[in-house]
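Numbering (my numbering), first residue to last: 12 to 423.
And the structure:
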């Protein structure tokens, strides 16, 4: 026996939803290709050593692990039963892909990936254990040109999808570290400090200060919250000037990014000193996209200049942006977006006991219609013919023909 429903946190995709998902994916990929990004594909399964290399933050606790097979499993100890896992994002597999193929790739590599990822987290509304990510990454571009292109390309993709009410929030991990140091926190505590600071939107300044105070003492907690909030209260120019004084390298980088994207006519961007991002591999610029009244993040990313170097040695600069495909899909579905591919949709109907000659006639007529660019179905009538027609019209079919021994007749 088996359960006919998908495993918990997974789902079946119905045809009309798949059409919309394909439309979204094609639109995003079309924009990214126009910026020179090229598609790649990596396996769904990766070596467990790669996935647990302490770069994925809390996601490493959510890996779907795969048991060893055959003799390897029989000879394994209780704490060494697994050697592979399902990928939890597309960035970590990209690093292995680049390390394995860098000799065959351009010196500055602009990669585009769309695919499913898996995380064994608690399922809830809008959150699944299998979901799609849509990533672009630029490898071997050290300057702020990488961040600028990622922001412009992602912004254009959202505009093309009919989602103009977004804002790209930008910060820098180096600035976060400078803030924490200025407030007396030790470097070994940074990860825990930033996890708490990241809750500012959820639990407010008082909640963050309380949590930090309990873990690290009141003085540093109060200073960090006040300093972070002061950067948010000031106008952008003053905030970036203060960022330059706290961490010149990060501040100047932010000034360059903001100046360049604005010079390109892109205004949906703001500095957010409280933005953290969860992945441990970020080393510089980080960004996140907020969407209108939905109050959710629909994308994010940042610079990870050390992740590739750990695999192939030396410093390899890299920066990426990921669109939250599932959230984009849900917003567009909520807005009533439908897919019209411009093709005619035609149905040829026969009686249930139609002869081979009638079926051949229907199939030949459908084949001719397809050469004219139409989508065609050949179906036998069901008992409830009215319901059948209604369902076909709902699916977008507009032209109907009845095939019989007397010939083919169009239904009015």
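Just so it is clear, CB atoms sit at the ideal spot from N, CA and C, and this is done for glycine as well.
Verify whether the separation of the beta carbon atoms of residue i and residue j is less than 8 Å.
i, j, result
"residue 191", "residue 235", "yes"
"residue 178", "residue 333", "no"
"residue 166", "residue 277", "yes"
"residue 78", "residue 93", "yes"
"residue 121", "residue 49", "yes"
"residue 101", "residue 126", "yes"
"residue 376", "residue 359", "yes"
"residue 391", "residue 368", "no"
"residue 238", "residue 282", "no"
"residue 139", "residue 32", "no"
"residue 361", "residue 171", "no"
"residue 147", "residue 157", "no"
"residue 210", "residue 220", "no"
"residue 76", "residue 59", "yes"
"residue 106", "residue 319", "yes"
"residue 312", "residue 331", "yes"
"residue 161", "residue 287", "no"
"residue 55", "residue 336", "no"
"residue 412", "residue 400", "no"
Report the option in the options whose CA atom is closest to the CA atom of residue i.
i, options, result
"residue 163", "209, 298, 318 and 52", "298"
"residue 329", "39, 86, 17 and 151", "151"
"residue 344", "71, 137 and 113", "137"
"residue 296", "155, 22, 207 and 63", "155"
"residue 169", "259, 43, 258 and 350", "43"
"residue 229", "204, 213, 241 and 210", "204"
"residue 159", "119, 118 and 265", "265"
"residue 186", "210, 254, 146 and 213", "254"
"residue 243", "182, 17, 59 and 406", "182"
"residue 309", "143, 64 and 59", "143"
"residue 389", "419, 128 and 353", "419"
"residue 351", "16, 28, 24 and 18", "28"
"residue 10", "20, 202, 60 and 41", "An answer regarding residue 10 cannot be provided, because it is not within the stretch 12 to 423 covered by the chain."
"residue 321", "24, 153, 103 and 86", "103"
"residue 132", "18, 109, 212 and 119", "18"
"residue 408", "56, 214 and 353", "353"
"residue 338", "306, 119 and 421", "306"
Return the first residue and the last residue of the alpha helix (DSSP H) that residue i is part of.
i, result
"residue 28", "26-45"
"residue 102", "102-112"
"residue 412", "Residue 412 -> not in any alpha helix (DSSP H); beta strand (DSSP E) instead, spanning 410-415."
"residue 214", "211-227"
"residue 380", "367-382"
"residue 84", "81-85"
"residue 404", "396-405"
So, at 6 Å on beta carbons, what are the nonlocal neighbours of residue i in its own chain, with the 5 sequence-adjacent residues on each side left out?
i, result
"residue 410", "357"
"residue 189", "257 and 258"
"residue 200", "none"
"residue 176", "303"
"residue 387", "357, 377, 380 and 381"
"residue 10", "With the chain represented from 12 up to 423, any question about residue 10 goes unanswered, as that position is not in the structure."
"residue 261", "183, 185 and 186"
"residue 141", "21, 127 and 129"
Which two residues bound the contiguous beta strand (DSSP E) that contains residue i?
i, result
"residue 127", "120-129"
"residue 58", "56-58"
"residue 419", "418-421"
"residue 96", "93-97"
"residue 361", "356-361"
"residue 346", "It is not in any beta strand (DSSP E) - residue 346 carries neither H nor E in the DSSP assignment."
"residue 116", "Here residue 116 belongs to no beta strand (DSSP E), and DSSP marks it neither H nor E."
"residue 77", "76-78"
"residue 388", "386-391"
What residues in its chain sit with their C-beta under 7 Å from that of residue i, if we drop five residues either side in the sequence?
i, result
"residue 294", "184, 314, 315, 316 and 317"
"residue 70", "99, 100 and 130"
"residue 14", "none"
"residue 240", "216"
"residue 153", "328"
Against chain B, with Cβ distances strictly below 8 Å, would residue i count as a contact?
i, result
"residue 332", "Looking at the structure shown, chain B is missing, and only one protein chain is on hand."
With a threshold of 8 Å on Cβ separation, who are the neighbours of residue i within its own chain once the five nearest residues in sequence on each side are excluded?
i, result
"residue 173", "343, 346 and 348"
"residue 231", "194, 195, 196 and 223"
"residue 52", "124 and 126"
"residue 87", "79"
Exercise. Entirely within the segment 253-338 and at least 3 residues each: give me those beta strand (DSSP E) ranges in chain order.
Key: 280-282, 296-302, 307-314 and 329-335
- Message: In chain order, what are the residue ranges of uninterrupted beta strand (DSSP E) at least 3 long that sit wholly in the segment 176-206?
- Response: 177-183
As an exercise, report each continuous beta strand (DSSP E) stretch of at least 3 residues that is fully enclosed by the segment 131-176, in chain order. 141-150
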